[in-house]
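Top line first, the protein sequences correspond to chains A and B.
Position 283 of the first sequence, counting from 1, maps to 298 under the working numbering, and the rest follow consecutively.
Position 118 of the second sequence, counting from 1, maps to 133 under the working numbering, and the rest follow consecutively.
A virtual CB, placed ideally from N, CA and C, is assigned to each residue, including glycine.
Protein chains: 2
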Amino acid sequence: MVDKNKLARQRLKLFGEGIVADILKKKQPVIDLPVRSVTNVKFNEKSGTVQLGNKMAQRFLFNLAHAKKFMQTVEVAKISNDLLKEEKHASLRDVFYMAKRSIAGTKTNIVDDQVESDKVIEDLELISDMSREQLNINANKMGSVAGKVIVEDKGDKIDWSKLGSGGWSIPSNVEEIQFAKVNAQYVIYMEKAAVWERLHEDKYWDKHNCIIMCSQGQSTRGIRRLLQRLHQEHGLPVYILTDFDPWGFYIYSVLKFGSISLAHISDQLAIPEIKFLGITADDIEKYDLKKHFIKLKDTDTARLKQMGSYEWFTKNKLWQRQFKMMKDFGSKAEIQALSARGISFISEKYLPEKIKNKDFID
Amino acid sequence: MVDKNKLARQRLKLFGEGIVADILKKKQPVIDLPVRSVTNVKFNEKSGTVQLGNKMAQRFLFNLAHAKKFMQTVEVAKISNDLLKEEKHASLRDVFYMAKRSIAGTKTNIVDDQVESDKVIEDLELISDMSREQLNINANKMGSVAGKVIVEDKGDKIDWSKLGSGGWSIPSNVEEIQFAKVNAQYVIYMEKAAVWERLHEDKYWDKHNCIIMCSQGQSTRGIRRLLQRLHQEHGLPVYILTDFDPWGFYIYSVLKFGSISLAHISDQLAIPEIKFLGITADDIEKYDLKKHFIKLKDTDTARLKQMGSYEWFTKNKLWQRQFKMMKDFGSKAEIQALSARGISFISEKYLPEKIKNKDFID
Numbered sequence: 016m017v018d019k020n021k022l023a024r025q026r027l028k029l030f031g032e033g034i035v036a037d038i039l040k041k042k043q044p045v046i047d048l049p050v051r052s053v054t055n056v057k058f059n060e061k062s063g064t065v066q067l068g069n070k071m072a073q074r075f076l077f078n079l080a081h082a083k084k085f086m087q088t089v090e091v092a093k094i095s096n097d098l099l100k101e102e103k104h105a106s107l108r109d110v111f112y113m114a115k116r117s118i119a120g121t122k123t124n125i126v127d128d129q130v131e132s133d134k135v136i137e138d139l140e141l142i143s144d145m146s147r148e149q150l151n152i153n154a155n156k157m158g159s160v161a162g163k164v165i166v167e168d169k170g171d172k173i174d175w176s177k178l179g180s181g182g183w184s185i186p187s188n189v190e191e192i193q194f195a196k197v198n199a200q201y202v203i204y205m206e207k208a209a210v211w212e213r214l215h216e217d218k219y220w221d222k223h224n225c226i227i228m229c230s231q232g233q234s235t236r237g238i239r240r241l242l243q244r245l246h247q248e249h250g251l252p253v254y255i256l257t258d259f260d261p262w263g264f265y266i267y268s269v270l271k272f273g274s275i276s277l278a279h280i281s282d283q284l285a286i287p288e289i290k291f292l293g294i295t296a297d298d299i300e301k302y303d304l305k306k307h308f309i310k311l312k313d314t315d316t317a318r319l320k321q322m323g324s325y326e327w328f329t330k331n332k333l334w335q336r337q338f339k340m341m342k343d344f345g346s347k348a349e350i351q352a353l354s355a356r357g358i359s360f361i362s363e364k365y366l367p368e369k370i371k372n373k374d375f376i377d
Numbered sequence: 016m017v018d019k020n021k022l023a024r025q026r027l028k029l030f031g032e033g034i035v036a037d038i039l040k041k042k043q044p045v046i047d048l049p050v051r052s053v054t055n056v057k058f059n060e061k062s063g064t065v066q067l068g069n070k071m072a073q074r075f076l077f078n079l080a081h082a083k084k085f086m087q088t089v090e091v092a093k094i095s096n097d098l099l100k101e102e103k104h105a106s107l108r109d110v111f112y113m114a115k116r117s118i119a120g121t122k123t124n125i126v127d128d129q130v131e132s133d134k135v136i137e138d139l140e141l142i143s144d145m146s147r148e149q150l151n152i153n154a155n156k157m158g159s160v161a162g163k164v165i166v167e168d169k170g171d172k173i174d175w176s177k178l179g180s181g182g183w184s185i186p187s188n189v190e191e192i193q194f195a196k197v198n199a200q201y202v203i204y205m206e207k208a209a210v211w212e213r214l215h216e217d218k219y220w221d222k223h224n225c226i227i228m229c230s231q232g233q234s235t236r237g238i239r240r241l242l243q244r245l246h247q248e249h250g251l252p253v254y255i256l257t258d259f260d261p262w263g264f265y266i267y268s269v270l271k272f273g274s275i276s277l278a279h280i281s282d283q284l285a286i287p288e289i290k291f292l293g294i295t296a297d298d299i300e301k302y303d304l305k306k307h308f309i310k311l312k313d314t315d316t317a318r319l320k321q322m323g324s325y326e327w328f329t330k331n332k333l334w335q336r337q338f339k340m341m342k343d344f345g346s347k348a349e350i351q352a353l354s355a356r357g358i359s360f361i362s363e364k365y366l367p368e369k370i371k372n373k374d375f376i377d
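What follows is the structure, given as structure tokens:
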């Protein structure tokens with residue numbers, strides 16, 4: 016196995032050596048970087064993900080508009096290198112505070128706002144071709160998982176099937192965990208912890224030999240990487256279960272195609288093969304959920320329209336049909352509306368039926 | 016051990032039998048309930064918690080203003096009873112959808128809004144003298160825990176010291192877990208998952224023989240009950256670690272004294288003996304954190320003023336001093352500001368020093 020820690024430090028060292036070499040050659044130090052604005056983000060038909068284009072930019076030390084950002088890049092590279100050396104991980108917020116110190120002899124801070132350090136961390140992902148998790152900088156921690164899986168992490172063997180009603184708390188960084196045993200046919204990822212608790216209490220993962228994973232709202236990078244690793248390393252299909260609303264569809268879109276803001280790291284986060292399990296517009300009709308409709312707000316309608324215009328959805332008839340049906344309904348519905356049919360309707364009827372019939376949207 | 020499930024069903028049965036008895040006696044059915052508005056909430060000096068007063072109200076079936084709520088109360092009692100019989104748990108949202116059905120022969124729903132079912136669930140807590148968790152109705156799931164503790168839950172033995180970098184994901188309902196082993200001197204509860212990951216990576220709980228627990232933002236009822244059980248059943252002191260801001264102080268206030276909206280259940284949620292560990296105004300000075308100040312917003316100042324006027328804070332000189340110092344600073348600060356002193360400053364210096372010196376606010 017490649018020592019990722021060593022690799023990351025080598026890459027950061029290369030970055031530093033490039034700057035030193037420029038200086039020794041009495042050349043102006045420069046950092047070459049792909050442009051990361053929306054004008055350089057494209058949907059790649061072949062990979063099926065959102066990717067950065069070829070436009071490049073240069074960051075010069077002796078340029079008033081670049082100098083501060085140049086310094087910030089070097090500072091954060093140093094912080095990351097220190098973390099890697101100490102084998103410790105910091106949050107984005109930690110890195111901000113670590114970089115927020117005044118430049119010797121001045122009252123100017125290296126960074127004043129977390130947006131600045133966050134941006135440079137993303138730049139460093141490109142410079143080093145390592146994810147920020149591999150640079151020992153973690154995102155938020157969120158979510159739970161259960162299933163017949165054993166992982167090894169920090170010297171512990173953790174059996175996801177033996178963790179009572181709680182499940183394993185997903186760390187922010189899953190780069191170093193090892194899968195010792197994976198006995199599952201597929202993964203269901205759901206946005207709501209309450210739905211996860213329902214499926215968990217019903218032992219859905221045991222009866223149907225699968226893995227259940229949830230967040231609470233947003234999908235963290237830890238969750239996305241864990242889903243991707245289960246998919247890539249163990250060939251497990253991943254199914255997405257959300258509310259029937261534009262936000263639920265958006266969660267799916269980001270997990271599958273990647274996002275504009277993280278386009279530079281789509282390869283490590285997106286899973287182009289995932290499928291949308293529900294709640295679909297057809298489920299609304301089939302399972303008689305119209306009585307639980309909630310009117311779309313203006314922001315919902317705007318989001319729906321925006322999604323319909325995404326390059327990766329424009330030619331997709333199945334999705335355009337979903338968007339249109341939601342628009343025509345003028346309404347959204349929550350997944351818990353299924354509980355009106357019985358508390359375990361979701362685990363005894365809805366999910367087994369959907370999965371047996373391969374009733375997905377792709 | 017008392018069978019809580021059986022007990023809850025007995026209490027609900029008693030409630031139903033009371034109504035039936037009224038009907039058989041040709042009396043108007045009535046539900047007696049303490050008034051749950053702010054006018055009937057008082058700070059109880061003796062218990063050290065916020066409690067309901069003695070004002071009672073009656074809910075009549077044959078009263079146009081009461082009839083719907085009467086019906087809702089009976090309906091939700093039935094839903095809870097069904098859940099208890101089936102040994103299943105539902106979320107507040109589930110219960111709402113289960114109760115949201117039209118009354119036979121009409122187009123009127125039993126409940127139209129979750130606020131209605133939530134309110135009656137709280138009423139049922141009073142009627143049955145059981146918490147809603149004991150009525151098999153769960154709140155949100157959130158948070159992680161680690162330490163030298165073994166719990167038994169749903170037939171699994173879970174060792175909180177052997178769960179890798181993730182920890183145990185705290186369930187929404189911890190009523191049925193059993194403590195098989197508790198080897199710890201105290202519990203630190205922190206509001207931020209990123210701080211928890213810092214302490215966990217540094218094996219703080221192992222080195223200092225304690226339990227570390229976090230949420231992400233709000234403290235769920237599952238977390239509050241888990242803290243309370245560790246405190247009451249195992250005599251562990253509980254220390255609270257938050258940002259230096261009015262919101263952090265408020266988290267402490269709710270955990271310690273209870274809250275106005277849940278005053279009827281303070282006995283089962285509040286922990287009057289907990290102590291505030293930090294970040295205090297004195298820490299700001301001692302650890303040189305002023306350079307990381309963030310200006311108080313108007314909402315912060317308003318919240319601070321409101322807290323200062325809470326009955327349980329008015330005579331507390333230590334807290335009034337904290338409020339005044341924050342007001343005078345005109346600023347708040349985040350706990351991660353400690354990272355500016357070094358990534359592990361919090362676990363190697365700040366916490367050991369504070370705890371050794373018993374530098375708490377009570």
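* Asked: According to DSSP, is residue 69/A helix, strand or coil?
  -> Here the question's residue 69/A lines up with position 54 in the first sequence. The answer is coil: DSSP assigns residue 69/A none of H, G, I, E or B.
* **DSSP state of residue 252/B mapped onto helix, strand, coil** => Against the second sequence, residue 252/B aligns to sequence position 237. Coil, per DSSP.
* In the DSSP assignment, what residue or residues form a beta bridge with residue 9/B? -> Summary: the structure shown does not reach residue 9/B, with chain B confined to residues 16 through 377, and so no result is reported for it.
* Asked: Per DSSP, what kind of secondary structure is residue 365/B in: helix, strand or coil?
  -> Within the second sequence, residue 365/B is the residue found at index 350, counting from 1. Residue 365/B falls in the helix class under three-state DSSP.
* Given 8 Å, three or more beta-carbon pairs between the stretch 137-154 of chain A and the stretch 168-176 of chain A -> no
* Residues near residue 349/B by beta carbon distance below 6 Å, same chain, minus five either side -> On the second sequence, position 334 is the one that residue 349/B refers to. The residues are 258.
* Residues in the stretch 309-340 of chain A with C-beta within 9 Å of chain B's C-beta atoms, listed in sequence order? -> none
* Asked: Which whole-angstrom value describes the C-beta separation of residue 54/A and residue 273/A, a residue pair presumed to lie in contact below a C-beta threshold of 8 Å?
  -> Within the first sequence, residue 54/A is the residue found at index 39, counting from 1. Within the first sequence, residue 273/A is the residue found at index 258, counting from 1. Wrong, their Cβ atoms sit about 17 Å apart, outside the cutoff.
* Asked: Do residue 78/B and the ligand ZN come close, with the Cβ less than 7 Å from some heavy atom?
  -> What this structure holds is no ligand at all, so the ligand ZN is not there to describe.
* To do: Mind checking the stretch 277-299 of chain B against chain A and listing, in chain order, the residues whose C-beta falls within less than 9 Å of any C-beta there?
  => none
* Asked: Under a CB-based cut-off of 8 Å, is residue 178/B close to chain A?
  -> Position 163 of the second sequence, counting from 1, holds the residue named residue 178/B. Chain A, which has a Cβ nearer than 8 Å to the Cβ of residue 178/B, makes this yes.
* Alpha carbon to alpha carbon, how far is residue 224/A from residue 251/A? -> In the first sequence, residue 224/A corresponds to position 209, counting from 1. In the first sequence, residue 251/A corresponds to position 236, counting from 1. Cα to Cα, the separation comes out at about 12 Å.
* Would you call the CB atoms of residue 355/B and residue 86/A closer than 8 Å? -> The residue you call residue 355/B lines up with position 340 of the second sequence. The residue you call residue 86/A lines up with position 71 of the first sequence. No, these two residues do not count as a Cβ contact at 8 Å.
* To do: Determine, using beta carbons only, whether residue 365/B and residue 302/B come nearer to each other than 8 Å.
  => Residue numbering aside, residue 365/B sits at position 350 when the second sequence is read from its first letter. Residue numbering aside, residue 302/B sits at position 287 when the second sequence is read from its first letter. Yes, these two residues count as a Cβ contact at 8 Å.
* Asked: Is there at least one Cβ from chain A nearer than 8 Å to residue 156/B's Cβ?
  -> Residue mapping note: residue 156/B aligns to position 141 of the second sequence, counting from 1. True, the Cβ-Cβ gap to chain A drops below 8 Å.
* Taking DSSP as the reference, what is the three-state secondary structure of residue 377/B? -> Stepping through the second sequence from its first residue, residue 377/B is reached at position 362. Residue 377/B: coil per DSSP, three-state reduction.
* Check each candidate in 260/B, 216/B, 219/B and 215/B and name the one with the smallest Cα separation from residue 232/B. => Residue 232/B sits at position 217 when you count from the first residue of the second sequence. The option with the nearest alpha carbon to residue 232/B is 260/B.
* **residue 344/B, enclosing alpha helix (DSSP H) - first and last residue** => Position 329 of the second sequence, counting from 1, holds the residue named residue 344/B. First-last of the alpha helix (DSSP H) with residue 344/B: 332-344.
* **CB-CB length for residue 142/A against residue 110/A, believed under 8 Å** => For the purposes of this step, residue 142/A is identified with residue 127 of the first sequence, where counting begins at 1. For the purposes of this step, residue 110/A is identified with residue 95 of the first sequence, where counting begins at 1. Residue 142/A to residue 110/A, Cβ: 15 Å. No contact.
* Can you pull the DSSP bridge partners for residue 166/A? -> Along the first sequence, read from residue 1 onward, the residue named residue 166/A stands at position 151. Answer is 173/A and 194/A.
* Could you work out which residue in 312/A, 102/A, 207/A and 293/A is closest to residue 367/A when comparing CA atoms only? => Position 352 of the first sequence, counted from the start, is the residue given in the question as residue 367/A. When only C-alpha atoms are compared, the closest one is 293/A.
* To do: Could you tell me whether the Cβ of residue 169/A comes closer than 8 Å to any Cβ of chain B?
  => By one-based count along the first sequence, residue 169/A stands at place 154. Judged by the 8 Å Cβ criterion, residue 169/A is in contact with chain B.
* Let me know the secondary structure DSSP gives residue 155/A once reduced to three states. => Residue 155/A sits at position 140 when you count from the first residue of the first sequence. If DSSP states are grouped into helix, strand and coil, residue 155/A belongs with coil.
* Do residue 246/A and residue 288/A have their C-beta atoms within less than 8 Å of each other? -> Looking up residue 246/A in the first sequence gives position 231. Looking up residue 288/A in the first sequence gives position 273. Yes, Cβ-Cβ distance for residue 246/A and residue 288/A is below 8 Å.
* Can you tell me which of 320/B, 66/B, 96/B and 230/B puts its alpha carbon nearest to the alpha carbon of residue 29/B? => Working through the second sequence from its first residue, we reach residue 29/B at position 14. Closest by alpha carbon: 96/B.
* Asked: Nearest-angstrom Cα distance between residue 46/B and residue 73/B?
  -> Walking along the second sequence from the start, residue 46/B turns up at place 31. Walking along the second sequence from the start, residue 73/B turns up at place 58. Rounded to the nearest angstrom, the two C-alpha atoms are 6 Å apart.
* To do: Determine the chain A residues that contact residue 153/B at a beta-carbon separation under 9 Å, and present them in chain order.
  => Numbered from 1 along the second sequence, position 138 holds the residue referred to as residue 153/B. The answer, in chain order, is 209 and 212.
* To do: Say whether chain A places a C-beta atom closer than 8 Å to the C-beta of residue 175/B.
  => Working through the second sequence from its first residue, we reach residue 175/B at position 160. Judged by the 8 Å Cβ criterion, residue 175/B is not in contact with chain A.
* Is the CB-CB distance between residue 162/B and residue 186/A below 8 Å? -> Along the second sequence, read from residue 1 onward, the residue named residue 162/B stands at position 147. Along the first sequence, read from residue 1 onward, the residue named residue 186/A stands at position 171. No, they are not a contact pair.
* Asked: Does any C-beta atom of chain A lie closer than 8 Å to the C-beta of residue 105/B?
  -> The residue given as residue 105/B occupies position 90 in the second sequence. So, interface residue.
* **CB contact check: residue 181/A to chain B, cutoff 8 Å** => As a first step, residue 181/A must be located in the first sequence, where it is residue number 166. By this cut-off, residue 181/A is an interface position.
* Identify, in the order they occur along the chain, each residue of the same chain with its Cβ nearer than 8 Å to the Cβ of residue 49/B, setting aside the five sequence neighbours on each side. => Start at 1 with the first residue of the second sequence, and residue 49/B comes out as number 34. Taken in chain order, the residues that qualify are 55, 67, 68, 69, 70, 71, 72, 141 and 279.
* **According to DSSP, residues forming a beta bridge with residue 117/B** => Against the second sequence, residue 117/B aligns to sequence position 102. Per DSSP, 124/B.
* Asked: Got a sec: which bits of the stretch 181-198 of chain B sit with their beta carbon under 9 Å from any beta carbon on chain A, in order along the chain?
  -> 181, 182, 183, 184, 185, 186, 187, 188, 189, 191 and 192
* Could you confirm whether any beta carbon from chain B is found closer than 8 Å to the beta carbon of residue 365/A? => Reading the first sequence from its first residue, position 350 is the one you call residue 365/A. No, because no Cβ of chain B sits closer than 8 Å to the Cβ of residue 365/A.
* Asked: Can you find a CB in chain B that lies within less than 8 Å of the CB of residue 247/A?
  -> Numbered from its first residue, the first sequence carries residue 247/A at position 232. So, not an interface residue.
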